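*Asks:* Attaching a single structure in structure tokens format; questions to follow.
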Amino acid sequence: MKKLFFLFAIVFFLPLHFNAQIKPEASVIFAKSYDYVNDFEKILTPAQIKNLNDFLKSSEEKTKSKILIITTSSISPYTDLTDYSMDLDKYLLSKLKIDTSILIVISKQLRQIQVQGIDKIRAKMSDQEMKDIISTYAVPELKKGDYYKGLQQAAMQLVKKIE
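Encoded structure:
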């Protein structure tokens with residue numbers, strides 16, 4: 196009888212254990228489409244989004260490097276913005292065929308910003324130089340609450356460095 200109960204318990208609880216370990220599907224977490232500026236946190240005005248989009252689009256034509264800016268209020272089920280950004284970049288490339296050179300993910304609510312570049316950018320600019328640009332140009336404006344100015348200045352400096 197004990198063996199039968201033990202076998203029943205294993206058969207019943209084992210599938211629940213395996214389902215609990217599965218990572219959520221990226222397409223459920225991330226949006227179905229992305230533009231140059233993706234303000235999911237609603238911290239920019241439509242005019243600011245248009246201006247940043249236009250600037251990033253024209254700079255891509257000059258530099259052949261795509262810069263994407265994403266704002267998000269939540270990174271759930273992730274606990275780290277770096278992991279979220281890396282998985283988002285993989286999702287953009289594999290599912291949406293968007294090959295970003297620089298990805299900037301910012302969260303006003305979490306008070307965090309993450310910037311990452313791909314290998315072809317590292318010939319022109321190191322990861323440390325990218326972080327320095329963000330900390331010098333974006334972070335002071337973000338602390339003042341001017342997200343548009345911070346993102347605009349950082350994008351302009353990144354483009355200058357890539358050219």
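Per my numbering: the sequence shown = residues 196 to 358.
Yeah, the Cβ is synthetic: ideal placement off N, Cα and C, and Gly gets one too.
Since the model is a prediction, treat every value here as computed from it, not as a measurement.
1. Please check if any C-beta of chain D sits within less than 8 Å of the C-beta of K338.
2. Which of the three DSSP states is assigned to S302 in this structure?
3. Looking at the strands, I want to know which residues DSSP matches up with N233.
4. Under a three-way DSSP split, which group does I297 fall into?
5. Would you mind stating whether L353 and I262 have Cβ atoms separated by less than 8 Å?
6. Measuring alpha carbon to alpha carbon, tell me which of G340, D284, Q347 and I297 ends up nearest E324.
7. Can you give me the C-alpha to C-alpha distance between S302 and V232, rounded to a whole angstrom?
8. CB-CB under 6 Å to M320, same chain, minus the five flanking residues each way: which ones, in chain order?
9. When the distance is taken between beta carbons, is L291 closer than 8 Å to Y332?
10. Any idea what DSSP makes of G312, helix, strand or coil?
11. Determine the direct distance from the alpha carbon of L287 to that of K227, and round the result to whole angstroms.
12. When the distance is taken between beta carbons, is Q243 closer than 8 Å to S280?
13. Any idea if Q304 is buried or exposed, counting beta-carbon neighbours within 10 angstroms, 16 or more meaning buried?
14. In angstroms with no decimal places, state the Cα-to-Cα distance between E256 and I293.
15. Enumerate in chain order the residues of its own chain whose CB-to-CB distance from G345 is below 6 Å, with the five nearest sequence positions on each side excluded.
16. Grab the span of the alpha helix (DSSP H) containing G340 for me, first residue to last.
*Replies:* Judging by the given coordinates:
1. The structure shown contains no chain D, having only a single protein chain.
2. Looking at S302 - three-state DSSP - the assignment turns out to be strand.
3. Answer is I265, bridged to N233.
4. Looking at I297 - three-state DSSP - the assignment turns out to be strand.
5. Cβ distance < 8 Å, so L353 and I262 count as in contact.
6. Here the closest residue by C-alpha is I297.
7. Their Cα atoms are separated by approximately 13 Å.
8. Only residues of its own chain outside the window of five on either side were considered, and among them K356 have a CB closer than 6 Å to the CB of M320, listed in chain order.
9. The answer is no: Cβ separation not under 8 Å.
10. Reduced to three states, the DSSP call for G312 is strand.
11. Straight-line Cα distance between these residues: approximately 9 Å.
12. Not in contact: S280 and Q243 (Cβ atoms no closer than 8 Å).
13. So Q304 ends up on the exposed side.
14. Taking the straight line joining both Cα atoms gives about 15 Å.
15. Beyond the five residues adjoining it in sequence on each side, G345 comes within less than 6 Å, by CB distance, of A333, E336 and L337 in the same chain, given in chain order.
16. Per DSSP, G340 is not a residue of any alpha helix (DSSP H), being assigned neither H nor E.
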